[in-house]
Amino acid sequence: MSGWYQDNYWKTGFKSSLYDMLTPESYLESMRQTVKLIPDKAGLKIWDAGCGSGLLLVFLKDVFKRGINYYGSDLLSAGLMRVQMRAKELMISEQVVCFKNDLAAPPFKENSLDIVVAHFSIYTIREKDKREQALKNMWHVLRPGGILLISNPSKNYNSSQIIEESLKLTLEKKGFWQAMIKRILFYPFTKFLGLNFIQKQLKSGLWIDYTIEGLAEELQQAGFKTGTSVTVYAGSAYLMCGHKMV
Numbered sequence: 255m256s257g258w259y260q261d262n263y264w265k266t267g268f269k270s271s272l273y274d275m276l277t278p279e280s281y282l283e284s285m286r287q288t289v290k291l292i293p294d295k296a297g298l299k300i301w302d303a304g305c306g307s308g309l310l311l312v313f314l315k316d317v318f319k320r321g322i323n324y325y326g327s328d329l330l331s332a333g334l335m336r337v338q339m340r341a342k343e344l345m346i347s348e349q350v351v352c353f354k355n356d357l358a359a360p361p362f363k364e365n366s367l368d369i370v371v372a373h374f375s376i377y378t379i380r381e382k383d384k385r386e387q388a389l390k391n392m393w394h395v396l397r398p399g400g401i402l403l404i405s406n407p408s409k410n411y412n413s414s415q416i417i418e419e420s421l422k423l424t425l426e427k428k429g430f431w432q433a434m435i436k437r438i439l440f441y442p443f444t445k446f447l448g449l450n451f452i453q454k455q456l457k458s459g460l461w462i463d464y465t466i467e468g469l470a471e472e473l474q475q476a477g478f479k480t481g482t483s484v485t486v487y488a489g490s491a492y493l494m495c496g497h498k499m500v
């Protein structure tokens, strides 16, 4: 049942834009924090590994002005179609390439990319050996000096806290009425359809939640030197930098 729900939730959400509408503001804030860690350089090649509907594109606006190339990969074609539509809406189609890919299979040549973003994608890989292979693939495709920016749920994942923080952020950024609309019309469904399901998957062990030490250990085993690490998503996740040393 959970496998059926998971598969169809994402597909339906991507096709209908329901996923975007129900995304909590706290999740978007974690994307903003991720983008802030991208070096201020021109011509970067960025792989969004497990890109979903391509929400990250919205927050890469200033980065695109520096002439980057964005590569988005996902297992679901519905998400990739939304990426293409979003790129067209943002008028950045010439800088965006998206393709279907399993993270356990390397889609690029060695030493060919500058940045890999794995924003809430690795944690859905239950098997440790497959997660390790996915991380090693990311290490191999990065150039020396390249950076992995990875976010995964923490052991403290809490759907209620995510909604609470999201309402506060919406109030600060968009005002009282937008916060009320989110509270009444959107976030009840966000919690019921999405966040509670994810929390159930994490508690059952079907998906993986982390201690900060556990996340650092997985990155180090793949060859990365760990750097900046911060708590994001209302304390429900960690954002960590992994560096491929020169």
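Read the sequence shown against my numbering and you will find it ends at 500, with the numbers running on by one and no gaps.
By construction, the Cβ of each residue, glycine as well, lies at the ideal position given by its N, Cα and C atoms.
Which word fits R340, buried or exposed, when buried means at least 16 other C-beta atoms lie within 10 angstroms of its C-beta?
buried
Excluding sequence positions up to five away, which residues of its chain have a Cβ less than 8 angstroms from the Cβ of D463?
A distance below 8 angstroms between beta-carbons, with the five flanking residues on each side excluded, links D463 to the following residues of its chain, in chain order: Y377, N406, P407, S408, K409, Y411 and L456.
When burial is assigned at 16 or more other CB atoms within 10 Å of the CB, is L309 buried or exposed?
buried
Below 9 angstroms between beta carbons: does that hold for I372 and G304?
As written in the sequence, residue 372 is Ala, which differs from the Ile given in the question. Yes, the Cβ-Cβ distance between A372 and G304 is below 9 angstroms.
According to the neighbour-count rule (16 or more other Cβ atoms, all chains shown, within 10 Å of its Cβ), is H497 buried or exposed?
buried
Where does I438 land, buried or exposed, given buried means 16+ other C-beta within 10 angstroms?
Exposed, by the Cβ-count rule.
Hey, how far is the Cα of S420 from the Cα of S375?
21 angstroms
In three-state terms, what does DSSP make of R397?
strand
Which residues DSSP lists as bridging Y324, in chain order
I300 and V350
Could you have a look at I435 and say whether DSSP puts it in helix, strand or coil?
helix
Which of the three DSSP states is assigned to K384 in this structure?
helix
Distance between F446 and S280 (C-alpha atoms, nearest Å)
16 angstroms
CB-CB under 7 angstroms to L423, same chain, minus the five flanking residues each way: which ones, in chain order?
E279, S280 and E283
Straight-line Cα distance separating E418 from L334:
30 angstroms
Could you have a look at G468 and say whether DSSP puts it in helix, strand or coil?
helix
DSSP bridge partner residues for C495 (one or two, in chain order)
As computed with DSSP, C495 is found in a beta bridge with L403.
In terms of residue numbering, what span does the alpha helix (DSSP H) encompassing S331 cover?
S331 to E343
Within a Cβ cutoff of 8 angstroms, which residues of the same chain sit near W461, ignoring the five residues on either side of it in sequence?
Hits under 8 angstroms: Y377, T378, R380, P407, I452 and Q455.
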